[in-house]
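K.L.:
So the protein lines, in turn, are chains A and B. Quick note on numbering: the first sequence equals residues 546 to 1103 in the numbering used here. Quick note on numbering: the second sequence equals residues 1091 to 1418 in the numbering used here. Attaching a single structure in structure tokens format; questions to follow.
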Amino acid sequence: MARSMTLTPDATPEPEMPKEHYLNASHGLKSWLLTTDHKRIGILYLVSVSVFFLLGGIYAGLIRLELVTPEGDLFQPDTYNRVFTMHAILMIFFFLVPSIPATLGNFLLPLMIGAKDVAFPKLNLASWYMYLIGATLTMVALFAGGVDTGWTFYTPFSTTYSNSYVTTVAIGIFVNGFSSIFTGVNFLVTIHRMRAPGMTWFRLPLFVWAHYATSLIMVLGTPVLAITLLLVGFERMFGLGFFDPALGGDPVLFQHLFWFYSHPAVYIMILPSMGVISEIISAFTRKPIFGYKLIAFSSLGIAVIGFLVWGHHLFVSSQSIYAGLIFSFLTMLVAVPSAIKVFNWSATLYRGSIAYTTPMFYALGFLGLFTIGGLTGLMLGTLGLDIHMHDTYFVVAHFHYIMVGGALMGYLGGMHFWWPKIFGRIVGGFWPHLSALLVFVGFNLTFFPQFVLGYLGMPRRYHVYPDEFQVLHVLSTAGATVLALGYAMPVFYFVWSLKYGKVAGDNPWGAVGLEWETTSPPPLHNFESMPVVDFDAYQYHQPKPHSQGKPATAPSAS
Amino acid sequence: MFDFDVPLFPEQASTFAPQVDALYFFALAVTAFFTLGIFVAVIYLFVRYRRRDEDEYGDPIHGSVALEIAWSVIPFIITMVMFGWGAHVFLVGMTTPEDAREYLATGKQWMWKFQHPEGHREINTLHVPVGEKVKLTMTSEDVIHSFFVPAFRVKQDVLPGRYTQVWFEATKPGAYHLFCTEYCGAEHSQMIGTVYVLEQDEYQEWLSGGIVGSSPVASGQELFAQYACNTCHEQDGNRRGPSLHEIAGAEVQLADGRTVERDENYLREAILNPAAKLVAGYSNLMPTYQGQISDEGVGHLIAYIKSLDTVAHETEASDDTEAVASLD
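Printed below as a string of structure tokens:
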């Protein structure tokens, strides 16, 4: 543990903060609110999504507290329904979907490909404002009384029966969708058009490949969700019969449209996290990623097949049996690229030089939790099992293993990894290690019992439940307190590090990648001069590449 | 029920349950094998290859085509086994047997209503005989609900405006949880009930007690007479509308050339929106009965129409319901 923090071997002179960087390039509130610097926009997003993570977490705590006893003794049923709905809406639309792409993605993508900024810097800022407007509308609905439909907005409950602020929240999510689309478009164009000379497609870090796949889903999927929520609004406000059979509509149509976005949305959450894990594992084994191309293509594979599996949410919805068979088959296919990634990451450890750092602990946690999340997803995709497991706590446990165990572990691991680059200060040592451990242990204590509960038959979204389920619910709530402690600690040591953290220097981990070749924090325009790339990603064996300072030549060929 | 023990596994009380559980244990074994394999491998490698020197680098291994093919093909084969096995179990669960006792079920915020073939009605309880196939034809009066009995491992969404079916054969007398598993509003978690599985003789005893309304078939026959459906749908056919015997059977030939399955949903649409799927050889004369006959009434009419199938198509006189016999 003593050698846990890997500083550059040649760090004989203590590194100093660079004199000029993007953080001190200009001052004042306006310089932040009107910035078009991708790095500052990343930080604006970091602050915003952290606020919503905190709020969503408070709701999660309230849910776990209510479920300690079988009776509904903390909330009225109506209140409980609003609590779990808000937990999901805040966590999914305002934390998980933007989390890695809008913070780390925004900050790192141009740095990693050797660009000065994203392709459309103003659109990037507009994306953050769309997010804010969407979030504000949702908060207005929240303070007015909330929404009780579940984040899935199933019709005709949401269109005809719910007596809550459905339309306001739907508009909030509709507007927020544009922030996703803007980010996606920006990333796609940036990756296509703004790579530094020599940065060919197969020299891109896997983080960039993951964001490319994610952006495809954002651009192609989000409009469908937006249109669907608009139809819900129209049916509620004007009585147009899209979904309510009493008005001549089809309630199952809504489910098809909703999951057409919302299943791929899970991949919006997990793919960037996979990109982070690839970077961390390579950096702390100091070797190339095992099977680079297959990992890159499997990200695209997941994005493409991910669009064809939405019907696995509808196995018992009255969807045709034959559709069920096809969707189950396609769901199985997603398991293959996911399995490849897990095996390739594990194989990367073989004959590596493994440093025991906080980001690496998070990456290991990710491997374990994502494996469990993925395999239980396979169970749910198995038709005969889904009949019994559908809409029980088994599903709740499964998607938390993917979204929290997978996506969130990657987000936190990435934050610990790139924090020195973003703010120029080191975070490491005992407390971060402890937080990683608490998150891993707390997470498993919280969600593993829910698998058991689910197979026993405990349905989702139940405010009161039969007595025999209580022991497992108490275990789950106990785990949640450990988990909350694990999440709370980074807030303190991250903030503390801004002032008191050890100065990082350009490349505190000794990692390769263009982002480590500029100063920490980077200068306003990222690089002193345009980098020229004449090396593949993750080349730990050649003498350290020195691309900086080379004159810019012809733009990248491919 | 379980005292202080932590329950780990639900009771098995239907013929379907062991099939689901066998598949579950297989999937669990696959999950445990790969999870433990990854955990052990990762922890071993993590310790074995820890950095011993600040200047140490990992070996420049870029991959291995053979290994990568292996761990693409092996997971693919395993998932295909799970798919095939899962599909088999699913088809068993989703194929309603012909010879089942047919109950009607209605979900509404927040209760379950059941009607036995003999006419008995229940709310939030359902009594069924052990060892006999039971089929529920279900609809909802408002939002989507879902019928779930964990001990039977069966689940089916219950939708407004159409019928869905679920079937099971209970194997063990007892009382079992019935849950609504599609979120349906404020009292969703109170939309629960109990399924009582009784021995045959106890069930007969249960049937003989209590107030009996008329059976769905008999109620349907009354409605049929009340709305004078026979004016057009006579047994021998006066050619204004297809006779009920004519449209009895598995499939209907439509005017636009299509052939559709003549199931409950078809009959429902034929009553509420007759123009949608016109039977071949007839013109569009029938008015809609939307809003005139209650949802329950439509269910009864369908039960009556289907009972004519049994009369018309089975060579031996049916013996499953007295109601059918009483029609003759």
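All C-beta atoms in this analysis are idealised placements derived from N, C-alpha and C, irrespective of residue type, glycine included.
Secondary structure at residue 1005 of chain A, three-state DSSP: helix, strand or coil?
P.N.:
coil
K.L.:
Find the residues of chain A that neighbour residue 1131 of chain B, judging by a C-beta separation of less than 7 Å, and give them in chain order.
P.N.:
891
K.L.:
Per DSSP, what are the beta-bridge partners of residue 1256 of chain B in this structure?
P.N.:
B:1226
K.L.:
Write down the C-beta distance between residue 659 of chain A and residue 1079 of chain A rounded to the nearest angstrom, noting that I regard them as a contact closer than 8 Å.
P.N.:
Between residue 1079 of chain A and residue 659 of chain A the Cβ distance is about 12 Å, and since that is not below 8 Å, they are no contact.
K.L.:
Please classify residue 1127 of chain B: does DSSP put it in a helix, a strand, or coil?
P.N.:
helix
K.L.:
Interface residues of chain A around residue 1257 of chain B at Cβ under 8 Å?
P.N.:
Going along chain A, no residue has its Cβ under 8 Å from residue 1257 of chain B, so there is no contact; the nearest lies around 12 Å.
K.L.:
Taking 7 Å as the threshold (C-beta atoms), are residue 1229 of chain B and residue 1196 of chain B in contact?
P.N.:
Yes. Within cutoff.
K.L.:
Closest to residue 777 of chain A by C-alpha separation, out of A:617, A:806, A:702, would be which residue?
P.N.:
A:702
K.L.:
May I have the straight-line CA-CA distance separating residue 576 of chain A from residue 1068 of chain A, to the nearest angstrom?
P.N.:
Using only the alpha carbons, I get a separation of about 16 Å.
K.L.:
Taking the C-alpha atoms as reference points, what is the distance between residue 857 of chain A and residue 926 of chain A?
P.N.:
6 Å
K.L.:
CB-CB under 6 Å to residue 1072 of chain A, same chain, minus the five flanking residues each way: which ones, in chain order?
P.N.:
Cβ within range, chain order: 1063.
K.L.:
Under 7 Å between C-beta atoms, does residue 873 of chain A make it to chain B?
P.N.:
yes
K.L.:
State the beta-bridge partners of residue 1246 of chain B as determined by DSSP.
P.N.:
Beta-bridge pairing by DSSP links residue 1246 of chain B to B:1237.
K.L.:
Quick one: using the 10 Å Cβ neighbour count with 16 as the cut-off for buried, is residue 1137 of chain B buried or exposed?
P.N.:
exposed
K.L.:
Would residue 1172 of chain B count as contacting chain A if we go by Cβ distances under 7 Å?
P.N.:
Residue 1172 of chain B counts as touching chain A.
K.L.:
With a Cβ-Cβ cutoff of 7 Å, do residue 692 of chain A and residue 711 of chain A count as a contact?
P.N.:
yes
K.L.:
At a CB-CB cut-off below 9 Å, which residues of chain A make contact with residue 1385 of chain B?
P.N.:
None at all; the shortest Cβ gap to chain A is about 11 Å.
K.L.:
Could you tell me the distance, in whole angstroms, from the CA atom of residue 756 of chain A to the CA atom of residue 819 of chain A?
P.N.:
A straight line joining the alpha-carbon of residue 756 of chain A with that of residue 819 of chain A spans about 10 Å.
K.L.:
Measure from the alpha carbon of residue 1157 of chain B to the alpha carbon of each residue in A:969, A:891, A:1013, then state which is nearest.
P.N.:
Nearest of A:969, A:891, A:1013 to residue 1157 of chain B, Cα basis: A:891.
K.L.:
Interface residues of chain A around residue 1175 of chain B at Cβ under 8 Å?
P.N.:
Those within 8 Å of residue 1175 of chain B in chain A are 927, 929.
K.L.:
What in chain A is Cβ-close to residue 1167 of chain B, meaning under 9 Å?
P.N.:
Those do not exist, as residue 1167 of chain B stays about 10 Å from chain A at its closest Cβ, beyond 9 Å.
K.L.:
So what's residue 1290 of chain B in DSSP terms, helix, strand or just coil?
P.N.:
helix
K.L.:
For a contact meaning CB atoms closer than 8 Å, what does residue 1178 of chain B contact in chain A?
P.N.:
929
K.L.:
Let me know if residue 1134 of chain B comes out buried or exposed under the rule of 16 or more other beta-carbons within 10 Å of its beta-carbon.
P.N.:
exposed
K.L.:
Contact criterion: CB-CB distance below 7 Å. Does residue 1398 of chain B meet it with respect to chain A?
P.N.:
no
K.L.:
Report, in whole angstroms, the separation of the C-beta atoms of residue 1271 of chain B and residue 931 of chain A, which I expect to be a contact under 8 Å.
P.N.:
In fact, because the Cβ distance is near 12 Å, the residues do not count as touching under 8 Å.
K.L.:
Would you call the region 965-973 of chain A in contact with the region 1037-1050 of chain A, where contact means no fewer than 3 C-beta pairs closer than 8 Å?
P.N.:
yes
K.L.:
Return helix, strand or coil for residue 1274 of chain B, following the three-state DSSP convention.
P.N.:
coil
K.L.:
Taking residue 595 of chain A as the reference, give the member of A:573, A:563, A:647, A:715 with the closest Cα.
P.N.:
When each option's Cα is compared against that of residue 595 of chain A, the closest is A:647.
K.L.:
Residues bridged to residue 1085 of chain B by DSSP?
P.N.:
Because chain B spans 1091 through 1418 in this model, residue 1085 of chain B falls outside it and cannot be assessed.
K.L.:
Below 7 Å between beta carbons: does that hold for residue 1113 of chain B and residue 1175 of chain B?
P.N.:
In this structure, residue 1175 of chain B lies closer than 7 Å to residue 1113 of chain B by Cβ.
K.L.:
If you measure from the beta carbon of residue 1251 of chain B to each beta carbon in chain A, is any gap under 7 Å?
P.N.:
yes
K.L.:
List the residues of chain B that residue 626 of chain A touches, going by C-beta distances under 9 Å, in chain order.
P.N.:
1273, 1275, 1276, 1278
K.L.:
Which residue from A:1057, A:808, A:615 puts its Cα closest to that of residue 849 of chain A?
P.N.:
A:808
K.L.:
In this structure, does DSSP put residue 519 of chain A in helix, strand or coil?
P.N.:
Because chain A here runs from 546 to 1103, residue 519 of chain A falls outside it and cannot be looked at.
K.L.:
For chain B, check one thing: does any of its Cβ atoms lie closer than 7 Å to the Cβ of residue 713 of chain A?
P.N.:
Any Cβ of chain B closer than 7 Å to the Cβ of residue 713 of chain A would place that residue at the interface, and such an atom is absent.
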